[in-house]
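Numbering (my numbering), first residue to last: 16 to 488. Beta carbons: idealized from backbone N, C-alpha and C, even for Gly.
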């Protein structure tokens, strides 16, 4: 940093905190902590604690003073969640809801709770009505509160407060399992609470969010923030009695941390097969997309994140139009790359329909009206570890899929059997899509096989049975 800025930080009140925030945003935790020496604000204490955790390989002071003996499984659990609807709506919350509903059908009593101060710890929801719970689609999500804020005060203090509340909920509910879903904040609070009350701790890693940041910020994997998040995820996984992952690539990552293989269970993303099923396409909907009877509709339903490779999809579509195929890309969902995708479509002179997010209940009808769902994800960051829920939804709906040659995707798709696998780049994707277009009978057979694979391996009843076994063994 230029000396003039350092001098400014030393003499102007409040400037040190501002510059420390800039360091933190850039992933330079030690520099932020050093700049705040002598500062006793909650933020300064937080930054010093993070720097110490990075140096020591994890947060300290999270051990239960008197760990209770483990109690026998009784079908009662507390599920600790980062967030829930109606405030958060994505693959994370869909998985949560489906698991909770199926657990209830299978006779389990699972109490769902969100992190302390959610959703009011987010700027967008700071003024929402105070309440003890949220109810969505018949599911109740208990709200927790704590005097410590996740984003402002010391992280270890927040986790201890979170653990206090989970322990209270577990005792009241007579739970013998405390199950935490990403990220490490939930995981560490759950293992600490479980040790206190004699429950089994289960940490379900639904993704490594710092790896997702790599996709948005190249070079982030070399930052201290990335290293700290990796340390804390490892700490949570090592402390948990059981670790659940969504894909084998993530299981391998956990084994590299030192988590014993016998403590890891793979329970992938499931799909509600009664809702996501083959059905007649909606020609009126296709017409609104600008597609005619002979159009080849390439569809995507989800968040327009940079790692989804939607720019590659548009380039491949342009190549197919040069081959005389009436391609109509349809992108539904919105996100940070939406403006760039519209600009690309204009540059390529490509007719593209870009629509806003639709309610999850409408997604099956939308998918069924598409001719193919490509997933040209970039081979970087989180995509190397976690599969998208939307791939399973497309497969279950009986829509042909074409996927990038990335482990979490090829774990579900076998080339020429239940989908197509292609190499990186627009040309290879265009070739794979052209095969789907030309070989209609073969594509229908692959789509039917994909539906069959999902029914055999990814139904929520079967996945929930595995979850209950994980809780009880």
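Residue 149 carries a strand assignment under DSSP once its states are collapsed to helix, strand and coil. Excluding residues up to 5 positions away in sequence, 255, 256, 257 and 258 lie with their Cβ nearer than 8 Å to the Cβ of residue 278 in the same chain. Between residue 182 and residue 205, the C-beta gap is not smaller than 7 Å, which leaves the two residues out of contact. Residue 145 sits away from residue 164, with the two beta carbons spaced by 7 Å or more.
Approximately 7 Å separates the beta-carbon atoms of residue 313 and residue 448; this is inside 8 Å, confirming the contact. Listed in chain order, the beta strand (DSSP E) runs fully inside the region 165–214 are 192–196, counting runs of at least 3 residues. When the Cα atoms are used, residue 211 and residue 218 turn out to be separated by approximately 16 Å. Within a 10 Å sphere around the beta-carbon of residue 152 sit fewer than 16 other beta-carbons, which makes this residue exposed.
At the C-beta level, residue 412 and residue 366 stay beyond 7 Å of one another. Pairing residue 73 with residue 229 gives a Cβ-Cβ distance that is not under 7 Å. Going by beta carbons, residue 408 and residue 286 fall inside the 7 Å limit. Taking a 10 Å sphere around the C-beta of residue 304, we find 16 or more other C-beta atoms and assign the residue as buried. Between the region 62–70 and the region 184–200 there are fewer than three inter-stretch CB-CB distances shorter than 8 Å, so the stretches are not counted as touching. Of the residues 292, 336, 363 and 244, the one whose Cα lies closest to the Cα of residue 326 is 363.
Nearest Cα to residue 105 within the set 425, 319 and 293: 319. Under DSSP, no beta-bridge partner is assigned to residue 451. The beta carbons of residue 69 and residue 246 sit about 6 Å from each other, so the pair counts as a contact at 8 Å. By the neighbour-count criterion, in which a residue is buried when 16 or more other Cβ atoms sit within 10 angstroms of its Cβ, residue 89 is exposed. In this structure, the alpha-carbon of residue 226 lies about 12 Å from that of residue 243.
Pairing residue 474 with residue 33, the inter-Cα distance amounts to about 49 Å. For residue 298, the closest C-alpha among the options 289, 309 and 38 is that of 309.
Just measuring C-alpha positions, the residue of 294, 109 and 334 sitting nearest residue 101 is 109.
Scanning its chain for C-beta atoms nearer than 8 Å, with the 5 sequence neighbours on each side dropped, one finds around residue 41 the residues 238, in chain order. The beta carbon of residue 154 sits closer than 8 Å to those of 112, 115, 116 and 127, all from its chain and outside the five residues before and after it, given in chain order. Note on residue 438: under 16 other CB atoms within 10 angstroms of its CB, so exposed under the neighbour-count rule. Contact check for residue 416 against residue 464 fails: the beta carbons are separated by 7 Å or more. Here the C-alpha atom of residue 442 lies approximately 7 Å from the C-alpha atom of residue 334.
Under DSSP, no beta-bridge partner is assigned to residue 432. A distance of 7 Å or more separates the beta carbons of residue 388 and residue 428. With a beta-carbon spacing of about 24 Å, residue 392 and residue 471 fall beyond the 8 Å limit used to define contacts. Assigned with DSSP and collapsed to three states, residue 483 falls in helix. Between residue 353 and residue 342, the gap from beta carbon to beta carbon reaches 7 Å or more. Assigned with DSSP and collapsed to three states, residue 444 falls in helix. For residue 301 and residue 390, the gap between their C-alpha atoms comes out near 20 Å. Residue nearest to residue 290 within the set 31, 422 and 469 is 469 (criterion: CA-CA distance). With distances taken between CA atoms, residue 148 lies nearest to 159 out of 142, 159 and 138.
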